Each structure stands twice: as structure tokens, then as C-alpha cells.
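> Attaching a single structure in C-alpha cells format; questions to follow.
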Amino acid sequence: MRKLILKMSVSVDGFVGGPNGETDWIADSLDAGASDWLLDTLWDAGVHLMGSHTYRAMAAHWPGSTEAFAAPMNAIPKFVFSRSLREAGWDDSLIVDGDLAGEIARLKQLPGRDLLAHGGAGFARSLAQLGLIDEYRLLVHPVTLGAGLPLFSALDAPRKLRLVGVTPFAGGALAQVYRPAA
7 MRKLILKMSV SVDGFVGGPN GETDWIADSL DAGASDWLLD TLWDAGVHLM
57 GSHTYRAMAA HWPGSTEAFA APMNAIPKFV FSRSLREAGW DDSLIVDGDL
107 AGEIARLKQL PGRDLLAHGG AGFARSLAQL GLIDEYRLLV HPVTLGAGLP
157 LFSALDAPRK LRLVGVTPFA GGALAQVYRP AA
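Mapped onto the working numbering, the consecutive letters of the sequence shown carry residue numbers 7 to 188.
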């Protein structure tokens, strides 16, 4: 069975975006090692999963980009979970508006490589609240934001995680991989 992996960049104080969703702070510590780690994570995916806000931003950027991240983002199928989008203009994209837990369960049963979820914060929190995430791949950046879009909500039930990998990078970012504790 395929795993659902959540990949997110996060500040030391747990935010995935500033108060207005800004993510410009990510680039400051994204060195070659961290970029390679992210690129490997992207290429390992069988399907990219995202919410509508992230989809709109990525669909506006990646199809015309020549950056290294563009190749896996354009080549690998994308499933967009949205109740508002009606059509997907980005190649290899499918809009899914059904039950999130049911659709994820169905996708996990299909053959192929793992499912890789990208944010935004609301989509990531929904996946976490439903207990759908099998692995958290967090790239923790050496910055505090003080306020913004949290990865986890104060309303979430506590969840115990087991650290399975840590990779420090020269630019100060730290890759942390967690799985739910058994």
C-alpha cells in the first residue's frame, strides 16, 4: 500500500507561511543540499496532492518554469482537492471534490509510488486531523515568524510522532522526517 507523505517547509516556530501567506523566507536557507533533498522527494512521488490555493499558485508558476523543481512538478500527475475549482488547466491534473478521507484511502490502494502532499496550511491540517499522513517530511528553516499560518492547529488533538531521519544542510535548514508513533 502506498504511503501519504506530507512535505512542507516550516519555520522554527511552526509556521508554513507568514500572516498573509508569504513564503519568501524559505529561499534564504535553501542551499544546494536542501534543494537536492527536496528534488529527490519530488521525484520519488507517484502523485502530487494539493489543495486549491496551492494548485493555483503552482499552476501559474511551474508550467513555464525552467527551474529544477519544474520537471517533477510538471511530469508527475497531480490530484487537486477542491470544492470550488471546476477545471484544471495544468497538464496531468485532476480535480477531486469527493470525500477527502475516502479519496485518499482509494489512492493509497492503487499501485505505484507514494503520494506526496503539498500544502497549503489548511489542506495539510485537514490531512493531519483525519489521520491520513503516514510520514511528515519537514524542511525546518532557521527563521522565526512569530505569527502566520501554522502547520498544526491549537484545536488539533496531540499526535505522537517518531523521528526517523534528520539531515542538516549548510544553509541552516534541517530536514526532519517523522512517522506516526505506533
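Quick reminder that beta carbons are idealized off the backbone N, C-alpha and C, glycines included.
On a predicted model such as this, the values are computed, not experimentally measured, just so you know.
Under a three-way DSSP split, which group does Thr60 fall into?
Here residue 60 is taken as the residue at index 54 of the sequence shown, counted from 1. The answer is helix: DSSP assigns Thr60 an H, G or I state.
> For a test of the three-state rule: what should DSSP assign to Arg119, helix, strand or coil?
The residue given as residue 119 occupies position 113 in the sequence shown. Coil.
> For the beta strand (DSSP E) holding Pro186, just list the boundary residues, first then last.
Locating residue 186 in the sequence shown gives position 180, where the first residue counts as 1. Where Pro186 is concerned, the enclosing beta strand (DSSP E) stretches over 180-186.
> Going by DSSP in three states, Ile139 sits in which element: helix, strand or coil?
By one-based count along the sequence shown, residue 139 stands at place 133. In the structure shown, Ile139 sits in coil (DSSP, three-state: anything other than H, G, I, E or B).
> With DSSP run on the structure shown, which of helix, strand or coil describes Gly104?
Reading the sequence shown from its first residue, position 98 is the one you call residue 104. Correct three-state label for Gly104: coil.
> Would Ser15 and Leu151 qualify as a contact pair, given that the criterion is a beta-carbon distance under 8 Å?
Position 9 of the sequence shown holds residue 15. Position 145 of the sequence shown holds residue 151. Going by C-beta atoms, Ser15 is not nearer than 8 Å to Leu151.
> Kindly indicate which residue of Gly27, Leu36, Leu55, Gly24 has the alpha-carbon position closest to the one of Lys13.
To locate residue 13, count along the sequence shown from 1; it is residue 7. Measuring from the Cα of Lys13, the nearest candidate turns out to be Leu55.
> Considering only C-alpha positions, which residue in the set Ile101, Pro83, Gly137 is nearest to Leu90?
Taking the sequence shown and counting its residues from 1, one reaches residue 90 at position 84. The question names Leu, yet the displayed sequence has Ser at residue 90. Comparing Cα positions, the closest option is Ile101.
> Given 8 Å as the limit, is there contact between the region 18-34 and the region 136-156, that is, 3 or more CB pairs closer than that?
Result yes; three or more Cβ-Cβ pairs closer than 8 Å.
> Answer yes if the region 62-70 comes into contact with the region 165-173, meaning at least three C-beta pairs across the two stretches below 8 Å, and no otherwise.
No, because fewer than three Cβ pairs between the region 165-173 and the region 62-70 fall closer than 8 Å, the two stretches do not touch.
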